[in-house]
Amino acid sequence: MELTDNELVELAKKNPDIFGKLVEKYQQPLYRYVRRISYFAEDDARDIVQDVFIKIYLSLNIFDADFKFSTWAYQITRNATIDAIRKKQSRPQTLCLEETDVARIMRADDDIQISLETQDDMEKMKKIIDELPYKYREVIILRFLEDKDYEEIMDIIKKPKGTVAALLNRGKKMIKDKFILN
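Under my numbering, the first residue of the sequence shown is numbered 1237, with each subsequent residue one higher.
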């Protein structure tokens, strides 16, 4: 029987070696999240995630078991990424969205199902998502690429459900409208 994240947290408080299981499970998803919501190069994203795990480890005793560990980890990652963005003003031009990420966003919701038939369409859509204002891009990525539900998104970005829904709807509308216009 596999232990839940919250059970692993409780065990990690007493045995630091157990924390490695949480790192193993979340290192890649958090790294991909940092790359998707920021403009950081691979090494910078890895550094952010490493710092996140240090913060998580040092804060295990204040973790509230009423929440999901994954939500807490994503929230800490989001805050660390935003702090890093503020500290480092120069950024590369494009996000780290793969073609598979763009395709997942397009398939994930009836409101934005757009046929991406050519490589040009894929590049155009990647550019549109890249140019979305941060607040819309972030919720689109959390919902459709990180598979977070509304409750988790609310907890990660600290916004009420109505705001999350509005950001998602506006972001999807912007994507669709810009694609049709181009």
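Where a beta carbon is used, it is the ideal one built from N, C-alpha and C, also for glycine.
Using the C-alpha atoms, what's the distance from residue j back to residue i?
| i | j | result |
| --- | --- | --- |
| residue 1404 | residue 1313 | 20 angstroms |
| residue 1384 | residue 1306 | 10 angstroms |
| residue 1401 | residue 1379 | 10 angstroms |
| residue 1281 | residue 1290 | 14 angstroms |
| residue 1271 | residue 1237 | 33 angstroms |
| residue 1304 | residue 1240 | 10 angstroms |
| residue 1258 | residue 1418 | 44 angstroms |
Which stretch, first to last residue, makes up the alpha helix (DSSP H) that contains residue i?
| i | result |
| --- | --- |
| residue 1265 | 1252 to 1273 |
| residue 1382 | Taken as a continuous stretch (DSSP letters only), residue 1382 belongs to no alpha helix (DSSP H), as it is neither H nor E. |
| residue 1412 | 1397 to 1417 |
| residue 1289 | 1278 to 1294 |
| residue 1319 | 1305 to 1323 |
| residue 1390 | 1386 to 1393 |
Contact check, residue i vs residue j under 8 angstroms by CB: the rounded distance?
| i | j | result |
| --- | --- | --- |
| residue 1320 | residue 1262 | So it is not a contact: roughly 18 angstroms between Cβ atoms. |
| residue 1364 | residue 1414 | 5 angstroms |
In its own chain, which residues sit with a C-beta less than 6 angstroms from the C-beta of residue i, not counting the 5 before and 5 after it?
| i | result |
| --- | --- |
| residue 1328 | Low local confidence applies: a pLDDT of 44 at residue 1328 is under 50, so the model's placement there is unreliable, with the coordinate-based value given in what follows. Only 1275 meet the Cβ criterion. |
| residue 1251 | none |
Give me, in chain order, the residues of the same chain whose beta-carbon lies closer than 8 angstroms to that of residue i; leave out the 5 immediate sequence neighbours on both sides.
| i | result |
| --- | --- |
| residue 1285 | 1263, 1266, 1267, 1270, 1313 |
| residue 1249 | 1296, 1297 |
Spatial neighbours of residue i within its chain, please: CB distance less than 7 angstroms, with the 5 preceding and 5 following residues excluded, ordered by chain position.
| i | result |
| --- | --- |
| residue 1406 | 1372 |
Cβ pair count under 8 angstroms reaching 3, the stretch 1304 to 1313 against the stretch 1384 to 1392: yes
Stretch-stretch touch, CB-based, cutoff 8 angstroms, three pairs: the stretch 1291 to 1311 with the stretch 1400 to 1417: no
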